[in-house]
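Put into structure tokens, the structure is as follows:
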């Protein structure tokens, strides 16, 4: 038995989906109509220009893998830290409900994996630029 407060009727969900689709499509067409088209699409406009100096590199230039590795490692460790914040905020609630020890052990395992990953990163010299 479900109550009316816990479940939304299927008609409401369909209405919201149709409304969002129509509204989103309308906004796209409105932006295109108001924004217009680009003018003066010359080669000089499409040329790379940065900091007052015309670009020297060709489009075929390759970016070092170390840049990608640094970015991926930053995102990985950043996401791990983001997972720790809500745990730290709600840990007192777990203690008061009697689940403090299992939650602490699970976070200990998570931190151990985090520290092992950091150790492996330093050991494998993943961030060295030589």
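Residue numbers (our numbering): -4 to 125. In this text, a Cβ means the ideal position worked out from N, Cα and C, and glycines have one as well. The structure displayed is predicted, hence computed values, not measured ones.
First and last residue of the alpha helix (DSSP H) that includes residue i?
{"i": "residue 88", "result": "60 to 91"}
What is the DSSP secondary structure of residue i, counted as helix, strand or coil?
{"i": "residue 102", "result": "helix"}
{"i": "residue 7", "result": "helix"}
{"i": "residue 57", "result": "coil"}
{"i": "residue 31", "result": "coil"}
{"i": "residue 116", "result": "helix"}
Rounded to whole angstroms, what is the Cα-Cα separation between residue i and residue j?
{"i": "residue 7", "j": "residue 23", "result": "24 angstroms"}
{"i": "residue 25", "j": "residue 67", "result": "38 angstroms"}
{"i": "residue 85", "j": "residue 98", "result": "10 angstroms"}
{"i": "residue 69", "j": "residue 76", "result": "11 angstroms"}
{"i": "residue 90", "j": "residue 107", "result": "21 angstroms"}
Cutting at 8 angstroms between CB atoms, please list the residues of its own chain near residue i, excluding the five before and the five after it.
{"i": "residue 20", "result": "none"}
{"i": "residue 78", "result": "105"}
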